[in-house]
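Chemist: Residue numbers (our numbering): 234 to 529.
Before I ask anything, let me first share the structure, which is written out below as structure tokens.
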Ligand SMILES: [Zn+2]
């Protein structure tokens, strides 16, 4: 009888233990989405990043840190974008692993070569690679659900391949001489590598640092010479320097989502397709009107 009861207890306990999803905390909404898609119903994702937060000034509050307590993993972008990670680690149990998903993604340097661009998520191929790193970490903490993580990650990776193809199609009408991406901060270097653009960040790495006057004058000359048709601000910021450049050249400026954060676009697909669509409409030649006669 005692043996039967023990077996029943182990059976019930086993089911309960198996059913409890692993808690995963995340410091970026796009990583939260990745964890939800790759982890599926085997994980419970806690997003620590506040709506309308600024990636470059964010630091978790004590309430946000306490939301991460008990997490098996805390997902971070890495590449130095979260300078508070050391402090966060001190606040959490040794059992919580901070996983910097950008750590093994190859660097792409900013144009002046002074540092790598940390905004690796703007490349679907980098997201695919990061999803594999995440999958391996999930399998390590929860080997019983290996097949589920592998299957979900394959779907995620296939979607990133698809986005890469779609991006190329959406932007194929942009001629090579227009493949210049003038942005506020140095956030699109990984994207530019994938889609064969030359990045020209007007500001430094953080949004508040302004370019100097002589460099701006030189930039205006270069853009005029190349007849660049459009420059790119950000959805939540329209820096003065970019407004001045657009006015000086008499060209348009259009907003992009560069930090991967925009409350009305809570999916990687939406942000990526928004960005590629905006870039194509800003830099591709206008389509010929249907009623225009073809040249003889
Ligand atoms: Zn940024």
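In this text, a Cβ means the ideal position worked out from N, Cα and C, and glycines have one as well.
Going by Cα to Cα distance, which pick from 277, 356, 285 and 475 is closest to residue 423?
Modeler: As a first step, residue 423 must be located in the chain shown, where it is residue number 190. When only C-alpha atoms are compared, the closest one is 356.
Chemist: Taking only runs of the alpha helix (DSSP H) that begin and end inside the region 349-429, which ones reach a length of at least 4 residues, in chain order?
Modeler: Qualifying alpha helix (DSSP H) stretches, in chain order: 357-374, 379-403 and 422-428.
Chemist: Are residue 489 and residue 505 touching if we call contact CB-CB under 7 Å?
Modeler: Taking the chain shown and counting its residues from 1, the one referred to as residue 489 is at position 256. Taking the chain shown and counting its residues from 1, the one referred to as residue 505 is at position 272. Cβ atoms of residue 489 and residue 505: not closer than 7 Å.
Chemist: Per DSSP, residue 257 is paired with what?
Modeler: Stepping through the chain shown from its first residue, residue 257 is reached at position 24. For residue 257, which the question treats as bridged, DSSP gives the partners 278 and 306.
Chemist: Rank 416, 450, 433 and 432 by C-alpha distance to the C-alpha of residue 472 and give the top, closest one.
Modeler: Along the chain shown, read from residue 1 onward, the residue named residue 472 stands at position 239. Cα-wise, what sits closest to residue 472 is 416.
Chemist: Rounding to the nearest angstrom, what Cα-Cα distance links residue 254 and residue 305 in this structure?
Modeler: The count along the chain shown starts at 1 and reaches residue 254 at position 21. The count along the chain shown starts at 1 and reaches residue 305 at position 72. One C-alpha to the other measures close to 10 Å.
Chemist: Inspect the CB distances between the region 387-394 and the region 267-274 and report whether three or more fall short of 8 Å.
Modeler: At 8 Å Cβ cutoff, the stretches touch.
Chemist: When the distance is taken between beta carbons, is residue 260 closer than 7 Å to residue 288?
Modeler: The sequence position of residue 288 within the chain shown is 55, counting from 1. The sequence position of residue 260 within the chain shown is 27, counting from 1. Going by C-beta atoms, residue 288 is not nearer than 7 Å to residue 260.
Chemist: How many angstroms separate the CA atom of residue 433 from the CA atom of residue 380?
Modeler: Taking the chain shown and counting its residues from 1, the one referred to as residue 433 is at position 200. Taking the chain shown and counting its residues from 1, the one referred to as residue 380 is at position 147. Whole-angstrom Cα-Cα distance: 43 Å.
Chemist: Could you tell me the boundaries of the alpha helix (DSSP H) in which residue 514 lies?
Modeler: Within the chain shown, numbered from 1, the residue matching residue 514 stands at position 281. First-last of the alpha helix (DSSP H) with residue 514: 501-516.
Chemist: In whole angstroms, what is the alpha-carbon distance linking residue 438 and residue 350?
Modeler: Sequence index remark: in the chain shown, residue 438 carries index 205 (1-based). Sequence index remark: in the chain shown, residue 350 carries index 117 (1-based). Any reading at residue 438 is ruled out, since the residue's pLDDT is 48, under 50, leaving its predicted position unreliable.
Chemist: Return yes when the Cβ of residue 314 is within less than 7 Å of the Cβ of residue 322, no when it is not.
Modeler: For this step, residue 322 is matched to residue 89 along the chain shown. For this step, residue 314 is matched to residue 81 along the chain shown. No.
Chemist: By the three-class DSSP mapping on this structure, what secondary structure does residue 325 have?
Modeler: Indexing the chain shown from 1 puts residue 325 at position 92. It is coil, neither helix nor strand.
Chemist: Determine the direct distance from the alpha carbon of residue 352 to that of residue 335, and round the result to whole angstroms.
Modeler: The residue given as residue 335 occupies position 102 in the chain shown. The residue given as residue 352 occupies position 119 in the chain shown. Their Cα atoms are separated by approximately 9 Å.
Chemist: Please determine, among 368, 399, 478 and 300, the residue with the shortest C-alpha to C-alpha distance to residue 326.
Modeler: Position 93 of the chain shown, counting from 1, holds the residue named residue 326. When only C-alpha atoms are compared, the closest one is 300.
Chemist: Any heavy atom of ligand 1 closer than 6 Å to the Cβ of residue 363?
Modeler: Sequence index remark: in the chain shown, residue 363 carries index 130 (1-based). Flag unset: Cβ of residue 363 not near ligand 1.
Chemist: Please state whether the Cβ-Cβ distance between residue 435 and residue 475 is less than 7 Å.
Modeler: Looking up residue 435 in the chain shown gives position 202. Looking up residue 475 in the chain shown gives position 242. In contact: residue 435 and residue 475 (Cβ atoms closer than 7 Å).
Chemist: Pick helix, strand or coil for residue 497, following the three-state DSSP scheme.
Modeler: Here the question's residue 497 lines up with position 264 in the chain shown. It is coil, neither helix nor strand.
Chemist: Could you check which residue in 371, 340 and 452 has the C-alpha nearest to that of residue 420?
Modeler: Position 187 of the chain shown, counted from the first residue, corresponds to residue 420. The shortest C-alpha separation from residue 420 is found at 340.
Chemist: Over the uninterrupted beta strand (DSSP E) stretch that includes residue 486, give me the two end residues.
Modeler: In the chain shown, counting from the first residue as 1, residue 486 sits at position 253. Note, residue 486: beta strand (DSSP E), 485-489.
Chemist: Shorter than 6 Å, the distance from the beta carbon of residue 492 to the closest heavy atom of ligand 1, or not?
Modeler: Working through the chain shown from its first residue, we reach residue 492 at position 259. Yes - ligand 1 has a heavy atom lying nearer than 6 Å to the Cβ of residue 492.
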